[in-house]
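Colleague: Sharing a structure, written as structure tokens. Questions coming.
Residue numbers (our numbering), protein chains in the order written: chain S, 1 to 307; chain W, 1001 to 1307.
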């Protein structure tokens, strides 16, 4: 099944307790598509960069089978830039700098060859741009997964709510679920979100795992306990990419498939945080992914038979 | 198998965002033994109260089959009292008042009828008192589980370390694991704790579940996502009581049994927080426990077969 990923392709400068980077390649769509490419071979990307974006970044994507026909390169303009510093506990961060650059006028163009899209990942981006992508597809995809963040709740809530009402799966973190609904209890927050439109809600809790809600059903996937979290940047996007990549590769949108997809997404995210930026994803092998998923099986496996 | 629980029997006064209580019955040994009684029928308690402790408190324990021959009642003295206020998120609390009273001179006496003890729960208490209980048993129990808290790391670290070296299972929370070892990563912290003596370590993460470490093995049990956490007091003790109660009832100390025991402990703790103090535990039925454990099975169940 064809998978389309839209979101940012960016430069990031990251500081963690373990060190800092100069401008390195990042962005929601970069992380998500790299992650999805471990499952789904036919993949299309829609995004925008400036003329300062290096060819090696595009080569990296193409090398993983990601079609970049929908990646606009704006001459005379600069790529979106984000800079942030993580706190000691790695669960919170300060944004040091945001330069929208090409993103401020981004008008997504869907190449004709992308119109067979069955699975759509709307990575974190202005809700109005996520909307225009959905509108520019001649046929609604079978499954639309949307990621967003607290910033859009503050500056574009009406657009965001409209967008949320149109997707099948929403992925947000625990703080965002609380902010979006005004409910502290994640169970109550989930019920409210599911009444806004999505059939499925994933609440990402970082090192504390992820919850999948669907009707009255709940599934919990832990995060893998790691020796060291080196750089959490892109972990949520990597999770989402693994999630939808797995579903697309199986062409299955059942609840049981979603549960497995949450485990695959969690496994991918556990790799992402092991090194700075995309370093770990670039060297990752499919055998390592299988091995890590097996660790998740062992981490959660118990046998209780009630009489 | 005979199970002995030692710890505090206390009065608590609790404030949460949902309300406040006058002096109600609490204490680590009370919560742990009440919880364990759902699994293990032959149960003995060692603790101390003052003459102000009501007969109905003792009746409550006896009604659940808990032998209180080892519960000293000190005439002319007052029961240990703790008062605390929970913050909005229920994950942190301030101690408002602590009156040691009878606890300051507590010298545990083990009735002769308790000497068949095979499973020993050392509830949170001064490490030196935990030690004297272990020394006063004529035979080392088959399994010794110890719970403790950050306070003893601050005022009695040498005693605490000696005590830790003598137990089979240590249960502490994530902040305590970090404080005890100086390691932020729970994987690294666990490795250090396991090198101090215990064969098993349980790190309790409250609403984020619990981790069981044994050698290079890790098992994770989620907390049940709840509509509302009403009062977290005693949840850790209730967890520990369910854990050892299950193991004692099965007479099994294998890693597989421990994994199941962590699920049973988590299920018991999920009830404890639903009402103030011991209210929920008093009305709980065994059928409800089974039903809740089934919810844990469904919460974590997924099927991945790697080729």
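Glycine included, every Cβ here is placed at the ideal spot set by N, Cα and C.
1. For residue 1360 of chain W, count neighbouring Cβ atoms within 10 angstroms of its own Cβ and tell me buried if that reaches 16, exposed if not.
2. Could you check whether residue 304 of chain S and residue 1297 of chain W sit closer than 8 Å to each other, using their CB atoms as the reference points?
3. Report yes if the C-beta distance between residue 127 of chain S and residue 168 of chain S is below 8 Å; otherwise report no.
4. For residue 1004 of chain W, report the span of its beta strand (DSSP E) as first-last.
5. Please list, in chain order, the chain S residues whose beta carbon lies closer than 9 Å to that of residue 1219 of chain W.
6. Helix, strand or coil for residue 156 of chain S, going by three-state DSSP, please let me know.
7. Is the Cβ of residue 1293 of chain W closer than 8 Å to any Cβ of chain S?
8. How about residue 57 of chain S and residue 25 of chain S: do their beta carbons lie closer than 8 Å?
9. Counting only beta-carbon separations shorter than 8 Å, does residue 208 of chain S have a partner in chain W?
10. Apart from the five residues on each side of it in sequence, which residues of its chain come closer than 6 Å, Cβ to Cβ, to residue 235 of chain S?
11. Counting only C-beta atoms, is residue 1228 of chain W closer than 8 Å to chain S at any point?
12. Taking C-beta pairs closer than 9 Å, name the residues in chain W that residue 252 of chain S reaches, listed in chain order.
13. Return the CA-CA distance between residue 267 of chain S and residue 1208 of chain W, expressed in angstroms with no decimal places.
14. With 9 Å as the limit, tell me which residues of the stretch 1253-1284 of chain W have their beta carbon closer than that to any beta carbon of chain S; keep them in chain order.
15. For residue 1210 of chain W, which residues of its own chain have a beta-carbon under 8 Å away from its beta-carbon, when the five flanking residues on both sides are left out?
16. Between residue 1061 of chain W and residue 1041 of chain W, what straight-line distance do the alpha-carbon atoms span, to the nearest angstrom?
17. List the residues that DSSP assigns as beta-bridge partners of residue 1171 of chain W.
18. Only counting runs of 4 or more residues, tell me where the alpha helix (DSSP H) segments fall wholly within the stretch 172-250 of chain S, in order along the chain.
19. Would you mind telling me which residues of chain S sit closer than 9 Å to residue 1232 of chain W, beta carbon to beta carbon, in chain order?
20. Which same chain residues, not among the five before or five after residue 1106 of chain W, have their C-beta less than 7 Å away from its C-beta?
21. Could you work out which residues of chain S lie near residue 1005 of chain W, taking near to mean beta carbons separated by less than 7 Å?
22. Of all the residues that make up the stretch 1173-1200 of chain W, which are near chain S by a beta-carbon distance shorter than 7 Å?
23. By Cβ distance, which residues of its chain are closer than 7 Å to residue 94 of chain S, with the 5 residues on each side in sequence left out?
24. What residue from S/215, S/293, S/250 and S/10 has the CA that sits closest to residue 103 of chain S's CA?
25. Could you pull out every unbroken beta strand (DSSP E) segment of at least 3 residues lying fully inside the stretch 54-126 of chain S, listed in chain order?
26. Which chain S residues sit within Cβ distance under 8 Å of residue 1211 of chain W?
27. Check the Cβ of residue 222 of chain S against every Cβ in chain W and list those closer than 8 Å, keeping chain order.
28. Whole-angstrom Cβ separation of residue 1028 of chain W and residue 1003 of chain W, contact assumed at under 8 Å?
29. Figure out for me which residue from W/1008, W/1072, W/1073 and W/1016 has the closest Cα to the Cα of residue 1089 of chain W.
30. Under a Cβ-count criterion, where at least 16 other Cβ atoms within 10 Å of its own Cβ denotes burial, should residue 33 of chain S be classed as buried or exposed?
31. Between which residues of its own chain and residue 1293 of chain W is the CB-CB distance below 8 Å, once the five residues before and five after are set aside?
32. Take the Cβ of residue 1138 of chain W as the centre, count every other Cβ of all protein chains shown within 10 Å, and call the residue buried at 16 or more, exposed below.
33. So what does residue 1020 of chain W bridge to, in DSSP terms?
34. Let me make sure I understand the geometry here. Which of S/114, S/121 and S/76 has the alpha-carbon closest to that of residue 101 of chain S?
35. Here's the rule: buried if 16 or more other CB atoms are within 10 angstroms of the residue's CB, otherwise exposed. What is residue 1259 of chain W?
Modeller: Quick answer:
1. With chain W represented from 1001 up to 1307, any question about residue 1360 of chain W goes unanswered, as that position is not in the structure.
2. For the purposes of this step, residue 1297 of chain W is identified with residue 297 of the second chain, where counting begins at 1. For the purposes of this step, residue 304 of chain S is identified with residue 304 of the first chain, where counting begins at 1. Yes, these two residues count as a Cβ contact at 8 Å.
3. Taking the first residue of the first chain as position 1, residue 127 of chain S is located at position 127. Taking the first residue of the first chain as position 1, residue 168 of chain S is located at position 168. No; because the gap between Cβ atoms is not below 8 Å, this pair is not in contact.
4. The sequence position of residue 1004 of chain W within the second chain is 4, counting from 1. Counting along the chain, the beta strand (DSSP E) containing residue 1004 of chain W begins and ends at 1003-1006.
5. Start at 1 with the first residue of the second chain, and residue 1219 of chain W comes out as number 219. Simply 298, 299, 300, 301 and 302.
6. As a first step, residue 156 of chain S is located in the first chain; it is residue number 156 there, counting from the start. Residue 156 of chain S falls in the coil class under three-state DSSP.
7. In the second chain, the residue the question calls residue 1293 of chain W occupies position 293. With 8 Å as the cut-off, residue 1293 of chain W counts as an interface residue toward chain S.
8. Along the first chain, one-based indexing puts residue 57 of chain S at 57. Along the first chain, one-based indexing puts residue 25 of chain S at 25. Yes. Within cutoff.
9. Locating residue 208 of chain S in the first chain gives position 208, counting from the first residue. It does: the Cβ of residue 208 of chain S has a partner Cβ on chain W nearer than 8 Å.
10. Position 235 of the first chain, counted from the first residue, corresponds to residue 235 of chain S. When the five nearest sequence neighbours on each side are left out, the beta carbons in the same chain lying within less than 6 Å of the beta carbon of residue 235 of chain S are those of 269, 272 and 273, in order along the chain.
11. The residue labelled residue 1228 of chain W in the question sits at position 228 within the second chain. Taking Cβ atoms only, chain S reaches closer than 8 Å to residue 1228 of chain W, which makes this a yes.
12. Working through the first chain from its first residue, we reach residue 252 of chain S at position 252. In chain order: nothing, as chain W lies at least about 12 Å away.
13. Translated into the one-based positions of the first chain, residue 267 of chain S becomes position 267. Translated into the one-based positions of the second chain, residue 1208 of chain W becomes position 208. C-alpha separation (whole angstroms): 18 Å.
14. Along the stretch 1253-1284 of chain W, the positions whose C-beta sits under 9 Å from a C-beta of chain S are 1256, 1259, 1260, 1262, 1263 and 1264, read in chain order.
15. Within the second chain, the letter at position 210 stands for residue 1210 of chain W. The residues are 1202, 1203, 1204, 1220, 1221, 1223, 1239, 1262, 1265 and 1266.
16. Counting from one through the second chain, the residue named residue 1061 of chain W turns up at place 61. Counting from one through the second chain, the residue named residue 1041 of chain W turns up at place 41. The alpha-carbon atoms of residue 1061 of chain W and residue 1041 of chain W are separated by roughly 12 Å.
17. Residue 1171 of chain W sits at position 171 when you count from the first residue of the second chain. According to DSSP, residue 1171 of chain W bridges with W/1147 and W/1202.
18. 174-181, 186-194 and 235-250
19. Taking the second chain and counting its residues from 1, the one referred to as residue 1232 of chain W is at position 232. Taking the beta carbon of residue 1232 of chain W as reference, no residue of chain S falls within 9 Å; the closest one sits roughly 14 Å away.
20. Position 106 of the second chain, counted from the start, is the residue given in the question as residue 1106 of chain W. If we look at residue 1106 of chain W and ignore the five residues flanking it on each side, its Cβ neighbours are 1048 and 1129.
21. On the second chain, residue 1005 of chain W is found 5 positions in, with the first residue counted as 1. Within chain S, no residue comes near residue 1005 of chain W; the closest Cβ sits about 24 Å away, beyond 7 Å.
22. 1185, 1186, 1187 and 1188
23. Looking up residue 94 of chain S in the first chain gives position 94. So the qualifying residues of the chain are 84 and 85.
24. Position 103 of the first chain, counted from the first residue, corresponds to residue 103 of chain S. Nearest of S/215, S/293, S/250 and S/10 to residue 103 of chain S, Cα basis: S/10.
25. 66-74, 81-86, 93-99 and 119-122
26. Position 211 of the second chain, counted from the start, is the residue given in the question as residue 1211 of chain W. Ordered by position in chain S, the residues that pass the 8 Å Cβ test against residue 1211 of chain W are 225.
27. Mapped onto the first chain, residue 222 of chain S falls at position 222. Per Cβ cutoff of 8 Å: 1209, 1220 and 1222.
28. Here the question's residue 1028 of chain W lines up with position 28 in the second chain. Here the question's residue 1003 of chain W lines up with position 3 in the second chain. No, residue 1028 of chain W and residue 1003 of chain W are not in contact; Cβ-Cβ is about 15 Å, not under 8 Å.
29. Locating residue 1089 of chain W in the second chain gives position 89, where the first residue counts as 1. Looking only at W/1008, W/1072, W/1073 and W/1016, the smallest Cα-Cα distance to residue 1089 of chain W is reached by W/1016.
30. As a first step, residue 33 of chain S is located in the first chain; it is residue number 33 there, counting from the start. Buried.
31. Indexing the second chain from 1 puts residue 1293 of chain W at position 293. So the list reads 1263, 1264 and 1267, once near-sequence residues are dropped.
32. Mapped onto the second chain, residue 1138 of chain W falls at position 138. It is exposed - the Cβ of residue 1138 of chain W has fewer than 16 other Cβ atoms within 10 Å.
33. Numbered from its first residue, the second chain carries residue 1020 of chain W at position 20. DSSP lists W/1015 as partners of residue 1020 of chain W.
34. Here residue 101 of chain S refers to the residue found at position 101 of the first chain. Nearest of S/114, S/121 and S/76 to residue 101 of chain S, Cα basis: S/76.
35. Numbered from 1 along the second chain, position 259 holds the residue referred to as residue 1259 of chain W. Residue 1259 of chain W comes out buried.
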